[in-house]
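Participant:
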Amino acid sequence: MKAARTGKLKRQEEQASFISWRFALLCGCILLALVGLMLRTAYLQVINPDRLVREGDMRSLRVQAVPTARGMISDRAGRPLAVSVPVNAIWADPKELHDRGGITLDTRWKALSDALGVPLDQLVSRINANPKGRFVYLARQVNPAIGDYIHKLKLPGIYLRQESRRYYPAGQVMAHIIGVTNIDSQGIEGVEKSFDRWLTGQPGERTVRKDRYGRVIEDISSVDSQAAHNLVLSVDERLQALVYRELNNAVAFNKAESGTAVLVDVSTGEVLAMANSPSYNPNNLTGTPKEAMRNRAITDIFEPGSTVKPMVVMTALQHGVVKENSVLNTLPYSISGHQIKDVARYAELSVTGILQKSSNVGVSKLALAMPSSALVDTYSRFGFGKATNLGLVGESSGLYPKKQRWSDIERATFSYGYGLMVTPLQLARVYATIGSLGIYRPLSITKVDPPVAGERIFPESIVRTVVHMMESVALPGGGGTKAAIKGYRIAIKTGTAKKVGPDGKYVNRYLAYTAGVAPASNPRFALVVVIDDPQGGKYYGGAVSAPVFGAIMGGVLRTMNIEPDALPTVDKSELVTNTKEGSGGRS
Numbered sequence: 000m001k002a003a004r005t006g007k008l009k010r011q012e013e014q015a016s017f018i019s020w021r022f023a024l025l026c027g028c029i030l031l032a033l034v035g036l037m038l039r040t041a042y043l044q045v046i047n048p049d050r051l052v053r054e055g056d057m058r059s060l061r062v063q064a065v066p067t068a069r070g071m072i073s074d075r076a077g078r079p080l081a082v083s084v085p086v087n088a089i090w091a092d093p094k095e096l097h098d099r100g101g102i103t104l105d106t107r108w109k110a111l112s113d114a115l116g117v118p119l120d121q122l123v124s125r126i127n128a129n130p131k132g133r134f135v136y137l138a139r140q141v142n143p144a145i146g147d148y149i150h151k152l153k154l155p156g157i158y159l160r161q162e163s164r165r166y167y168p169a170g171q172v173m174a175h176i177i178g179v180t181n182i183d184s185q186g187i188e189g190v191e192k193s194f195d196r197w198l199t200g201q202p203g204e205r206t207v208r209k210d211r212y213g214r215v216i217e218d219i220s221s222v223d224s225q226a227a228h229n230l231v232l233s234v235d236e237r238l239q240a241l242v243y244r245e246l247n248n249a250v251a252f253n254k255a256e257s258g259t260a261v262l263v264d265v266s267t268g269e270v271l272a273m274a275n276s277p278s279y280n281p282n283n284l285t286g287t288p289k290e291a292m293r294n295r296a297i298t299d300i301f302e303p304g305s306t307v308k309p310m311v312v313m314t315a316l317q318h319g320v321v322k323e324n325s326v327l328n329t330l331p332y333s334i335s336g337h338q339i340k341d342v343a344r345y346a347e348l349s350v351t352g353i354l355q356k357s358s359n360v361g362v363s364k365l366a367l368a369m370p371s372s373a374l375v376d377t378y379s380r381f382g383f384g385k386a387t388n389l390g391l392v393g394e395s396s397g398l399y400p401k402k403q404r405w406s407d408i409e410r411a412t413f414s415y416g417y418g419l420m421v422t423p424l425q426l427a428r429v430y431a432t433i434g435s436l437g438i439y440r441p442l443s444i445t446k447v448d449p450p451v452a453g454e455r456i457f458p459e460s461i462v463r464t465v466v467h468m469m470e471s472v473a474l475p476g477g478g479g480t481k482a483a484i485k486g487y488r489i490a491i492k493t494g495t496a497k498k499v500g501p502d503g504k505y506v507n508r509y510l511a512y513t514a515g516v517a518p519a520s521n522p523r524f525a526l527v528v529v530i531d532d533p534q535g536g537k538y539y540g541g542a543v544s545a546p547v548f549g550a551i552m553g554g555v556l557r558t559m560n561i562e563p564d565a566l567p568t569v570d571k572s573e574l575v576t577n578t579k580e581g582s583g584g585r586s
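First residue of the sequence shown: 0, per numbering that gives the first Met the number 0; consecutive thereafter.
1) According to DSSP, residue 454 sits in a beta bridge with which residue or residues?
2) Indicate the three-state DSSP secondary structure (helix, strand or coil) for residue 308 in the structure shown.
3) If you compare alpha carbons, which of 70, 182 and 187 is closest to residue 175?
4) Cα-Cα, which of 440, 544 and 529 is closest to residue 481?
5) Let's see if you can read the secondary structure: which residues bound the alpha helix (DSSP H) around residue 264?
6) Am I right that residue 415 and residue 266 are in contact with their C-beta atoms under 8 Å? What's the rounded C-beta distance?
7) Along the chain, where does the beta strand (DSSP E) that runs through residue 199 open and close?
8) State the start and end residues of the unbroken alpha helix (DSSP H) segment that holds residue 532.
9) Near residue 405, which residues of its chain fall below 7 Å by C-beta distance, leaving aside the five closest residues on each side in sequence?
10) According to DSSP, what are the bridge partners of residue 348?
11) Using DSSP with H/G/I as helix, E/B as strand and the rest coil, what is residue 558?
12) Once DSSP output is grouped into helix, strand and coil, what is the label at residue 234?
13) Would you tell me roughly how many angstroms separate the C-alpha atoms of residue 19 and residue 32, rounded to the nearest one?
14) Helix, strand or coil, according to DSSP, for residue 314 in the structure here?
15) Run through the DSSP bridge pairs and tell me what residue 209 is partnered with.
16) Spell out the partners DSSP gives residue 162 in its beta bridges.
17) Using the C-alpha atoms, what's the distance from residue 494 back to residue 574?
18) Note down the Cα distance separating residue 349 from residue 227, rounded to an integer number of angstroms.
19) By alpha-carbon positions, which one of 160, 105, 204 and 407 ends up nearest to residue 367?
20) I'd like to know whether the C-beta atoms of residue 363 and residue 296 end up nearer to each other than 7 Å.
21) Determine the DSSP secondary structure at residue 292, reduced to helix, strand or coil.
22) If we count Cβ pairs, one from each stretch, closer than 8 Å, do we get three or more for the region 231-249 versus the region 260-279?
23) Okay, do the region 76-95 and the region 144-163 touch, 3+ Cβ pairs below 8 Å being the bar?
24) To the nearest angstrom, how far is it from the Cα of residue 149 to the Cα of residue 139?
25) Roughly how many angstroms separate the alpha carbons of residue 523 and residue 434, rounded to a whole number?
26) Considering only DSSP beta bridges, list what residue 643 is partnered with.
27) Using the Cα positions of residue 588 and residue 355, report the straight-line distance between them to the nearest angstrom.
28) Opposite residue 510 in the DSSP bridges: which residues?
29) Give the DSSP-derived three-state secondary structure of residue 574 in the structure shown.
30) With a Cβ-Cβ cutoff of 7 Å, do residue 465 and residue 263 count as a contact?
31) So does the region 396-404 actually touch the region 414-433, counting three or more Cβ pairs closer than 8 Å?
32) What does the alpha-carbon distance come out to for the pair residue 28 and residue 44?
33) Taking residue 509 as the reference, which of 527, 529, 538 and 458 has the closest Cα?
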């Protein structure tokens with residue numbers, strides 16, 4: 000009995016010992032697990048937290064751009080020429096959209112399709128192209144009213160993003176100067192491209208945390224945007240509209256291929272107007288060929304023809320080859336088998352008459368009486384062969400000969416504008432220098448504050464003398480009478496040149512141009528008008544481009560309220576008679 004009780008106690012003790020041992024083992028395992036978890040937690044949280052933080056941020060953190068509007072472009076008086084208007088971009092999150100059921104038969108999807116003007120099947124294919132993607136554009140530059148309508152549809156995975164679109168109030172009138180931007184507001188033509196960095200602000204950034212449905216749940220940080228700079232051009236919109244209108248009418252009337260006109264402020268070198276016809280609508284480029292966007296005033300080159308003759312006379316006067324009142328034999332003559340002649344036959348002409356009648360014989364004889372380097376140097380000083388440096392993309396420096404030896408025929412033809420090529424803008428710079436009586440100033444497409452320092456390249460007395468001679472061109476007997484402006488004296492030179500074909504040979508197509516300054520007594524403006532390939536039956540500069548010059552310059556002088564310098568003199572007796580009339584008489 001006693002032995003049985005002892006055995007039972009022993010078994011109980013052994014059982015209790017086993018339970019204690021198992022409990023201790025269990026506690027030890029739990030403790031080790033806790034220690035392991037703590038160590039792992041410490042490793043992840045303290046020693047190496049970056050990886051998990053990075054993975055978490057990749058899933059939830061988003062950096063949103065805070066857009067800044069592109070700078071405004073205005074004319075010299077502050078009139079807007081290019082402004083940014085707010086629009087919306089419509090975009091989709093394909094992954095979220097698929098997670099929330101995709102595109103269904105819900106009528107809201109049809110409403111989205113109609114609002115965007117995109118067939119529903121195209122929207123579906125665009126979104127399904129990358130079902131795991133997080134961003135795809137559905138439409139850009141959407142009207143804000145349509146954007147608000149789409150926002151109210153509350154479609155899953157469809158969002159709006161603010162952006163801007165350029166609007167050009169002057170449209171076709173300023174198109175070739177201002178240019179355009181692409182859909183991302185980056186300048187691709189004209190001033191928009193040349194001054195892109197200046198006009199582009201620095202976008203800000205907003206870092207946010209989003210949930211799985213793309214909703215912002217936390218603002219992390221933000222960087223403020225930097226506003227863009229505005230740009231004030233030298234152009235006067237009123238004068239630009241005037242120039243474009245008259246040029247457009249002339250191109251249509253003469254059935255010409257194109258026309259170009261450049262107006263420059265003589266005292267500052269500012270480009271006040273620069274127009275081309277035909278133009279294009281920068282607010283709607285649909286169907287616009289790339290060729291139509293070319294600014295011919297700075298890219299196209301041509302032989303300047305008779306417009307260089309005033310410089311030949313200046314050079315001859317400077318070198319003492321002739322005097323103001325000299326008379327030259329202007330009968331036709333030959334050089335190395337090439338006949339030099341004029342359109343009309345003149346036995347002799349004064350120096351003024353050479354310019355008035357645009358005598359090739361006269362200027363060629365002046366050129367041959369001087370060293371070849373003399374005329375080359377004068378042309379160069381006036382800016383031929385030199386960059387115009389407006390900063391616009393596509394500016395050409397023309398083609399200027401760099402010869403050591405010149406034959407007599409080359410010297411002769413060089414004197415009436417053959418053997419070199421210039422842009423309309425380069426020719427305008429030449430005449431601005433003539434208008435400033437020999438002071439060369441750099442051109443500018445942005446507004447500058449006077450006075451503008453310049454470099455004297457020719458004696459004032461000689462240039463003033465030749466400007467006075469150039470007045471005869473628009474007077475009776477001259478070749479540019481159709482450019483005459485009532486009440487004003489103008490100093491001009493007309494020109495006509497054959498066009499050069501693709502093979503480098505002359506073709507029976509012409510360029511008609513007129514260049515000059517006004518008012519001649521105290522020049523304020525220089526103007527160049529070029530009409531390319533007129534097909535209306537006339538092609539001489541005096542018949543085609545001179546009337547356009549007169550219409551444009553006359554409008555400019557009146558718009559700018561320039562005092563007339565060619566008013567008819569009134570006899571004192573008439574004034575006395577007028578004062579005796581009643582209050583309804585003339586004043």
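Beta carbons: idealized from backbone N, C-alpha and C, even for Gly.
Facilitator: If we stick to the structure as given:
1) 439
2) Correct three-state label for residue 308: helix.
3) 187
4) 544
5) For residue 264, there is no enclosing alpha helix (DSSP H); the enclosing beta strand (DSSP E) covers residues 257-264.
6) At roughly 30 Å, the Cβ-Cβ gap does not stay under 8 Å, so residue 415 and residue 266 are not in contact.
7) Counting along the chain, residue 199 falls outside any beta strand (DSSP E), and DSSP gives it neither H nor E.
8) In the DSSP assignment, residue 532 falls outside any alpha helix (DSSP H), carrying neither H nor E.
9) 371
10) 327
11) helix
12) Here DSSP, grouped into helix, strand and coil, assigns residue 234 to coil.
13) 20 Å
14) Of the three classes helix, strand and coil, the one that applies to residue 314 here is helix, per DSSP.
15) Here residue 209 is bridged, per DSSP, to 215.
16) 86
17) Confidence is the limiting factor: at residue 574 the pLDDT is only 36, short of 50, which leaves the residue's position unreliable and the question unanswerable from this model.
18) 59 Å
19) It is 407.
20) Going by C-beta atoms, residue 363 is not nearer than 7 Å to residue 296.
21) Residue 292 falls in the helix class under three-state DSSP.
22) yes
23) yes
24) 13 Å
25) So the two alpha carbons sit approximately 7 Å from each other.
26) The chain is shown only over 0 to 586; residue 643 falls outside these bounds and no answer can be derived.
27) As displayed, the chain neither begins before 0 nor continues past 586, which places residue 588 out of reach and without an answer.
28) 496 and 531
29) Any reading at residue 574 needs caution, since the residue's pLDDT is 36, under 50, leaving its predicted position unreliable; the model's value is listed next. Reduced to three states, the DSSP call for residue 574 is helix.
30) no
31) Under the 8 Å Cβ criterion, the region 396-404 counts as touching the region 414-433, having at least three qualifying pairs.
32) 23 Å
33) 538
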